[in-house]
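K.L.:
Sharing a structure, written as structure tokens. Questions coming.
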Amino acid sequence: MAKFVFVTGGVVSSLGKGIFASSLGLLLKGRGIKVFNMKFDPYLNVDPGTMSPYQHGEVYVTADGAETDLDLGHYERWIVNDLTKECSITSGKIYLSVLEKERRGDYLGGTVQVIPHITNEIKTRMLATANVSGADVVIVEIGGTVGDIEGLPYLEAIRQMRQELGYENTMFFHNTLVPYLRVSEESKTKPTQHSTKELLGLGIQPDAIVLRSEVSLSTDAKNKISLFCNVQKGGVFEALDQPVVYDLPFALHEQGLDDYVIRHLQLNADPELHIEYWEKWVESVKGAKESVRIALVGKYVELKDAYLSVKSAMTHAGFAMGHKIQIDWIKSNDVTKENADQYFADVDGILVPGGFGERGTDGKKVAIAYAREHKIPFLGICLGMQLALIEFAENVIGLKDANTTEFDPRTPFPIIDLLHDQYVGIKMGGTLRLGNYQCDIAPDTKAAELYGTTPVFERHRHRYEFNNAFREQFEENGIVFSGVNPQRNLCEIMELKDHPFFIGCQFHPEFTSRPLAPNPLFKGFISAAIDYKNGK
Ligand code: GLN
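Heads up: the sequence shown runs through residues 106 to 641, numbered per this note's numbering.
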């Protein structure tokens, strides 16, 4: 049976609980323990799929097609590759299933209440997922901040988990912020004490506290927290802001984090930590001296988290080639034909990520045309690919007013369209083409050179597709459809002949990119950008 580590947060949101949970997972894995992750979010959306990226950052997609919280991206990049639908649970999902059961009459005339029905549903999901995972330890992150009304059912559920599974099978980590007052040069522990009291009031005594801080904490401060929060001295950890975030696992290991957990949970672990692969990789990250400049042209660039996986994938591909990535975050709305030079004359690559809705797409098409004409390496992802084809249709093939029916249902040239069986009764949530689909790579193409294998499986999140009625016209004019989904004959990858690197993909290669194994399309793109820079 799996044991559980519960990670809560206090004082402020966006503390880096996800990075902490990932670091802990990495360390336990390095001690030979099989780890799995879950995230519970207190909001009422059934999944983040219908939420604006401004609200919640990027929507991460798993191989089995779940639209999930972006923390799953951290977990998959740092620890486990194959998280599932069941790993990202929201209150919306919990309530939906309880209410469906109520309507079916499953509760046999009982009054349906938050306690026990909602809390039982939470526990059942934790236990079932843990069971299927076959993991030794499941790290469960509870989203939000202790003290929020909507988080209460989760805290009650994990309190009961301790009660039912026992001390040695459950562990509570509370993450807090220790603010630093620069003028008086003091770290303040009071918010941590208050937040821990709040947790205690709900019946949860944390076994360990993780203190996020911008300065190193004195032993005094840590002892104070240990004393007033009722936590062993060895259970107070500091998570200092790291210049290189991938160093956090080492910093935590030095403080004895993995030993502390292994002792508490009485785990059968390797006496030594084996994360040499990570250590070597972090060295290469720090060794990256050169940099390459990429323009990311998107609608939501004010919020960098909206493109978290794209940014990570580029960064990781850069490190693989000894380069840092300098990203120019360009708001697509601001770009026009007239000012394009100002944005793109000095960049080494242009990336247009996925998106929904028409706003900002003119600017994206200007960026794409610029990349095409100036032979600047270009990667278009999902909407980025669709717009690349539309731009090509208009400006090269000469199909005036070509468009996607997403933006203009009456366009004379529906280059991008819904498939016919999709027209009927579309709802907004959960109706996209989601998750892994097969892509056959055509021989003698750039895609074939990059992937070196076929077929490949990549993750999707979109509703519209390239319209094959136009395929020949594109091919006659220099577009190669180098990746196709064989089951439904859908365009998955397009590339432009006579261009050093101009690739669009209907799927999201950023979701399968890993620190030590960047996705081939990102590697190809960054490598082309480096060549471009060196050839300038
Ligand atoms: N809006 C487009 C579609 O639904 C693209 C989606 C995306 O970029 N993720 O097909």
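The C-beta atom is built at its ideal place from N, Cα and C for all residues, glycine as well.
What runs of the beta strand (DSSP E), each 3 residues or longer, lie entirely inside the region 335–373?
P.N.:
341–345
K.L.:
With contact counted as at least three CB pairs below 8 angstroms, one residue from each stretch, are the region 257–265 and the region 207–226 in contact?
P.N.:
yes
K.L.:
Where does P614 sit, in a helix, a strand or coil, going by DSSP?
P.N.:
helix
K.L.:
Suppose you measure from the CA of D410 to the CA of E615; what does that come to, to the nearest Å?
P.N.:
13 angstroms
K.L.:
Closer than 7 angstroms: is that where the CB of H161 sits relative to any heavy atom of the ligand GLN?
P.N.:
no
K.L.:
Under the criterion of a Cβ to heavy atom distance below 7 angstroms, does E511 qualify as lining the ligand GLN?
P.N.:
yes
K.L.:
Measure the C-alpha to C-alpha separation of G573 and T466 and round it to an integer number of angstroms.
P.N.:
Sequence check: residue 573 is Asn here, not Gly. About 22 angstroms.
K.L.:
Just to confirm the assignment: which complete alpha helix (DSSP H) runs, minimum length 4, are found wholly within the region 282–324?
P.N.:
295–306
K.L.:
Excluding the five sequence neighbours on either side, which residues of its own chain have a C-beta within less than 8 angstroms of the C-beta of V166, listed in chain order?
P.N.:
In its chain, beyond the 5 residues on either side, E172, T173, L539, G540, R564, H565, R566, H613, F616 have a beta carbon closer than 8 angstroms to the beta carbon of V166.
K.L.:
In the DSSP output, what is R230 paired with across the bridge?
P.N.:
R230 is not bridged to any residue.
K.L.:
Straight-line CA distance for E581 to D506?
P.N.:
About 20 angstroms.
K.L.:
I'd like to confirm something about M488: is its beta-carbon nearer than 7 angstroms to some heavy atom of the ligand GLN, or not?
P.N.:
This sequence places Leu at residue 488; Met is not what is there. Yes, Cβ of L488 sits closer than 7 angstroms to a heavy atom of the ligand GLN.
K.L.:
Excluding five sequence neighbours on each side, which residues of the same chain lie with their C-beta closer than 6 angstroms to the C-beta of I546?
P.N.:
A552, A553, Y556, T559, G588
K.L.:
Check whether the region 396–403 and the region 193–203 touch, using three or more Cβ-Cβ pairs below 8 angstroms as the test.
P.N.:
With a cut-off of 8 angstroms, the region 193–203 and the region 396–403 do not count as touching, because too few Cβ pairs lie within range.
K.L.:
Which residues does DSSP list as the beta-bridge partners of S193?
P.N.:
K144
K.L.:
Hey, out of I184, C192, R230, whose CA is closest to V203's CA?
P.N.:
R230
K.L.:
Relative to the C-alpha of R576, which residue among F497, N236, N444 is closest?
P.N.:
Ranked by Cα distance from R576, the first of F497, N236, N444 is F497.
K.L.:
What does DSSP give as the partner residue(s) for M599 in the beta ladder?
P.N.:
F586, G609
K.L.:
Is the beta carbon of I455 sitting closer than 8 angstroms to the one on I495?
P.N.:
Not in contact: I455 and I495 (Cβ atoms no closer than 8 angstroms).
K.L.:
Would you mind stating whether F277 and D312 have Cβ atoms separated by less than 8 angstroms?
P.N.:
yes
K.L.:
Does the beta carbon of Q447 fall short of 7 angstroms from some heavy atom of the ligand GLN?
P.N.:
Exclusion of Q447 from the 7 angstroms shell around the ligand GLN follows from its C-beta lying no nearer than that to any non-hydrogen atom of the ligand.
K.L.:
Bridge partners of Y165, per DSSP?
P.N.:
T173
K.L.:
Is it true that the CB of P605 sits closer than 8 angstroms to the CB of Y691?
P.N.:
One cannot answer for residue 691 here, as it falls past the ends of the chain, which runs 106 to 641.
K.L.:
DSSP puts E246 in a beta bridge; with which residues?
P.N.:
In the DSSP assignment, E246 is bridged to V112, K144.
K.L.:
Which partner residues does Y565 have in the DSSP bridge list?
P.N.:
In the sequence under discussion, the amino acid at residue 565 is His, which differs from the Tyr named in the question. Answer by DSSP bridge pairing, in chain order: G540.
K.L.:
I need the straight-line Cα distance from S321 to F342, nearest angstrom please.
P.N.:
11 angstroms
K.L.:
Kindly examine the ligand GLN and report whether one of its heavy atoms sits closer than 7 angstroms to the Cβ of G460.
P.N.:
yes
K.L.:
Which residue spans inside the region 382–457 form an unbroken beta strand (DSSP E) run of at least 3?
P.N.:
395–403, 428–436, 454–457
K.L.:
Return helix, strand or coil for L213, following the three-state DSSP convention.
P.N.:
coil
K.L.:
Just grab the DSSP bridge partners of I546 for me.
P.N.:
G588
K.L.:
Report yes if the C-beta distance between K293 and L286 is below 8 angstroms; otherwise report no.
P.N.:
Going by C-beta atoms, K293 is nearer than 8 angstroms to L286.
K.L.:
Determine the DSSP secondary structure at T558, reduced to helix, strand or coil.
P.N.:
coil
K.L.:
Let me know the beta strand (DSSP E) ranges lying completely inside the region 492–516, each 3 residues or longer, listed in chain order.
P.N.:
none
K.L.:
Going by DSSP, what residue range makes up the beta strand (DSSP E) through G460?
P.N.:
Where G460 is concerned, there is no enclosing beta strand (DSSP E), given that its DSSP letter is neither H nor E.
K.L.:
Report the three-state DSSP secondary structure of A240 (helix, strand or coil).
P.N.:
coil
K.L.:
Tell me the residue span of the alpha helix (DSSP H) that contains F579.
P.N.:
576–581
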